[in-house]
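Structure first, commentary second.
Numbering (UniProt numbering), first residue to last: 1 to 267.
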């Protein structure tokens, strides 16, 4: 098999990865790996596909190999850091993101990723500092603006949070995350109509955005529409598969069971 054939396997594998056919992506990337086991790009995408399948240990090995084979491959470093973060290894993730900054100080996304670790650790001051550093590099980073909005929201600075999210929508009207963030704030302040409108926009932009289904389920419960709520919550469970969301999945599954029992009695 020549390099052109390997490239075709990578193209087809990436297409499968983008369309959610993760097992097929792994199969194609494995074929490429058999022919060229020392190509960093193969280990990077194989690691990403395995991570999507929840096979974290295998994914980590391939991502680490990608970094070892090509230390300048920042995408592989990001993927490795994100995997460690999702697996609860905050300290390791932070060191990986910092290593990216050591190599490329102008990587705004690395600052945001560092901030996300601090945010998860409830260190809002450090998280905000990281996001502001990212924005000093790229003032229109929607990743940084959304994340900064989250910090402000967590600190009960709702107006400042909304300003960040609205700024994102100005920059990129099709940023589903910003619309979802606005939906969450509207829901919390009791503006259910606007919350639903923002949720519908999220679904239009990205039907796989799992958490919007949970918000719509909560909206339906508030409106005393249990059958609609059940449908939304079941869609959340269908779309949300990440290991980091296990606790939330368990909570929603319990709500689904309760709704089924309640509706069964009514029927």
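Ideal Cβ placement from N, Cα and C applies to all residues, glycine included.
When the options are compared against residue i, the one with the closest alpha-carbon
| i | options | result |
| --- | --- | --- |
| residue 40 | 235, 28 and 63 | 63 |
| residue 249 | 260, 226 and 210 | 210 |
| residue 205 | 192, 221 and 180 | 180 |
| residue 238 | 138, 228 and 208 | 208 |
| residue 149 | 112, 100, 174 and 173 | 112 |
| residue 198 | 169, 226 and 259 | 169 |
| residue 212 | 91, 227 and 240 | 240 |
| residue 174 | 162, 91, 196 and 200 | 200 |
| residue 103 | 75, 130 and 90 | 75 |
| residue 146 | 55, 84 and 162 | 162 |
| residue 159 | 23, 114, 189 and 133 | 189 |
| residue 236 | 225, 224 and 203 | 203 |
Burial state of residue i, where buried means 16 or more other Cβ atoms lie within 10 Å
| i | result |
| --- | --- |
| residue 215 | buried |
| residue 244 | exposed |
| residue 94 | buried |
| residue 263 | exposed |
| residue 128 | buried |
| residue 141 | buried |
| residue 54 | exposed |
| residue 265 | exposed |
| residue 268 | Any property of residue 268 remains undetermined from this structure, which presents the chain solely from 1 to 267. |
Whole-angstrom C-beta distance between residue j and residue i, which should lie under 8 Å
| i | j | result |
| --- | --- | --- |
| residue 48 | residue 79 | 6 Å |
| residue 256 | residue 230 | 6 Å |
| residue 176 | residue 165 | With a Cβ gap of about 12 Å, residue 176 and residue 165 do not count as contacting. |
| residue 6 | residue 36 | 6 Å |
| residue 77 | residue 67 | 6 Å |
| residue 114 | residue 98 | 7 Å |
| residue 83 | residue 57 | The pair is not a contact, with the Cβ atoms about 10 Å apart (cut-off 8 Å). |
Same chain, Cβ closer than 8 Å to residue i, five either side skipped, listed in chain order
| i | result |
| --- | --- |
| residue 69 | 38, 39, 40 and 43 |
| residue 261 | none |
| residue 254 | none |
| residue 29 | 9, 10, 13, 42, 45, 46 and 49 |
Residues near residue i in its chain [Cβ-Cβ closer than 7 Å; skip 5 each side]
| i | result |
| --- | --- |
| residue 222 | 192 |
Cβ shell of residue i (< 6 Å), same chain only, five flanking positions each side left out
| i | result |
| --- | --- |
| residue 217 | 229, 232 and 233 |
| residue 25 | 13, 16, 17 and 49 |
Residue i Cβ short of 7 Å to the ligand ADP heavy atom set
| i | result |
| --- | --- |
| residue 16 | Inclusion of the ligand ADP in the displayed structure is not the case, the ligand content being empty and no account of it being possible. |
| Is the stretch 152-168 in contact with the stretch 184-195, if contact means three or more CB pairs nearer than 8 Å? | The answer is yes - the stretch 184-195 touches the stretch 152-168, with three or more Cβ pairs under 8 Å.
| query | Touching or not, the stretch 97-109 and the stretch 119-129, by the rule of three or more beta carbon pairs under 8 Å? | reply | no
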